[in-house]
Amino acid sequence: MDSGLHTIYVYYYTTTLSEEVNIMWPQNWRTGKILYLFIRYVPLFFMATVLDLHEFVAGLPDNILASEAQPPTKSAMSPVVALLICLFALLNARRSYVGLLVAIYTALTLGDSIPSLRYGEYLSRALPLSQVERELGYSCTWAGVSSSDIVLANKKAGYVALAKAISLYIFSVRYRKQTGTLFETVRRDSGIYILSFVGLSALRLGTALAVTLRIENDLNLPGYAFSMYVPDSNRMVPGHSSPPSMFQTAIPVLACRLLVEIRKTEDPAVRTAISSILFDPPSPSENTEDSDYEPEINQVPREMVQFQGLGRRRAGEGGRAGRDEEAGAGENPIVD
5 MDSGLHTIYV YYYTTTLSEE VNIMWPQNWR TGKILYLFIR YVPLFFMATV LDLHEFVAGL
65 PDNILASEAQ PPTKSAMSPV VALLICLFAL LNARRSYVGL LVAIYTALTL GDSIPSLRYG
125 EYLSRALPLS QVERELGYSC TWAGVSSSDI VLANKKAGYV ALAKAISLYI FSVRYRKQTG
185 TLFETVRRDS GIYILSFVGL SALRLGTALA VTLRIENDLN LPGYAFSMYV PDSNRMVPGH
245 SSPPSMFQTA IPVLACRLLV EIRKTEDPAV RTAISSILFD PPSPSENTED SDYEPEINQV
305 PREMVQFQGL GRRRAGEGGR AGRDEEAGAG ENPIVD
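In structure tokens:
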């Protein structure tokens with residue numbers, strides 16, 4: 005399944021490369037461009053590390069195994085940051101509110117990630133092989149999780165992840181009736197992402213519960229079923245070491261589409277709102293696609309006037325006296 009999802013992502017990358025070059029590359033290095041490139045290229049880096057097949061022997065430092073969780077973890081975190089910044093632009097909030105959003109999200113993310121990394125590090129401990137396993141050609145065997153404290157911490161991390169997802173979902177429901185171009189863009193391009201984020205967090209919680217309630221020497225079929233869709237590479241379920249990548253590829257695609265659509269919008273109010281933190285301020289040449297762009301002062305509607313005979317030419321030659329003589333008093337005025 006992983007190879008198929010990776011192939012789909014590579015196909016998406018190649019078919020949208022021209023769009024990236026035309027829209028994102030000309031931008032200055034601001035938050036929007038940095039987030040877009042990071043979200044877009046981290047999955048490719050993770051795919052390259054997966055292709056590097058290797059064997060771990062007993063006694064290998066656990067930090068090496070724990071470091072394998074970093075690329076997919078960053079890949080899952082950065083789209084949420086992009087969504088939070090878009091919500092900031094939606095509300096046209098003050099910059100101090102951005103710090104509050106980042107602080108809340110960072111606290112929830114650390115509360116979710118740190119116990120999960122500890123669980124993955126504890127689970128990745130290797131033991132020497134038995135005689136039978138050595139004859140079968142295995143390089144090492146996994147010790148598994150025997151600490152109830154580690155399992156309980158991993159269960160609490162699932163609750164934190166679910167709370168983080170529910171808070172975003174409540175926010176989207178609260179402002180579902182708002183109108184405006186920017187609201188329509190985010191609602192259209194991030195609605196699936198918000199729902200999927202809530203769903204994967206629920207699956208994450210289900211996996212933690214399945215591991216917690218697992219009976220010793222049990223196959224733990226619910227844990228395997230949940231772990232097939234959870235974007236964690238820290239081996240939450242014993243014996244399941246292949247990092248699922250369904251959401252590691254789908255969520256970056258949705259987040260990149262959201263940033264691109266917000267950048268492509270031609271609504272001046274939207275461009276002004278998002279330029280405060282995401283992209284460059286809009287220039288007059290970008291507000292219209294017509295070559296005969298006129299300043300705003302020339303777009304004020306004027307009253308239609310009429311001309312009589314050669315009044316236009318005589319007005320240019322003789323001024324107002326020529327106009328009055330041609331048009332007559334009390335009739336419609338004649339412009340220069």
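For what it's worth, the working numbering labels the leading residue of the sequence shown as 5, then goes sequentially. Where is the CB? At the ideal position from N, CA and C, for every residue including glycine. Just so you know, these numbers come straight off a predicted model, no measurement behind them.
Proximity of residue i and residue j at Cβ, strictly below 8 Å
| i | j | result |
| --- | --- | --- |
| residue 253 | residue 43 | no |
| residue 282 | residue 36 | yes |
| residue 27 | residue 267 | yes |
Cutoff 6 Å; reference residue i; Cβ partners in own chain excluding five residues on either side
| i | result |
| --- | --- |
| residue 115 | 164 |
| residue 48 | none |
| residue 15 | none |
| residue 20 | none |
| residue 107 | none |
| residue 270 | none |
Exposed unless 16 or more other CB atoms sit within 10 angstroms - verdict on residue i
| i | result |
| --- | --- |
| residue 52 | exposed |
| residue 40 | buried |
| residue 156 | exposed |
| residue 255 | buried |
| residue 46 | buried |
| residue 140 | exposed |
Near the ligand ZN: residue i beta-carbon under 7 Å from a heavy atom
| i | result |
| --- | --- |
| residue 37 | No copy of the ligand ZN occurs in the structure displayed, which carries no ligand at all. |
Presumed contact (8 Å Cβ cut-off) between residue i and residue j, rounded CB distance
| i | j | result |
| --- | --- | --- |
| residue 3 | residue 119 | A question about residue 3 goes unanswered here, because the residues of the chain that appear run from 5 up to 340. |
Interface flag, residue i vs chain D, CB-CB below 8 Å
| i | result |
| --- | --- |
| residue 45 | Note that chain D does not occur in the displayed structure, where there is just one protein chain. |
Sequence-distant residues of its chain with Cβ nearer than 7 Å to residue i (five each side left out)
| i | result |
| --- | --- |
| residue 263 | 36, 39, 40, 86 |
| residue 134 | none |
| residue 25 | none |
| residue 7 | none |
Same chain, Cβ closer than 8 Å to residue i, five either side skipped, listed in chain order
| i | result |
| --- | --- |
| residue 23 | 264 |
| residue 29 | none |
| residue 17 | 44, 48 |
| residue 174 | none |
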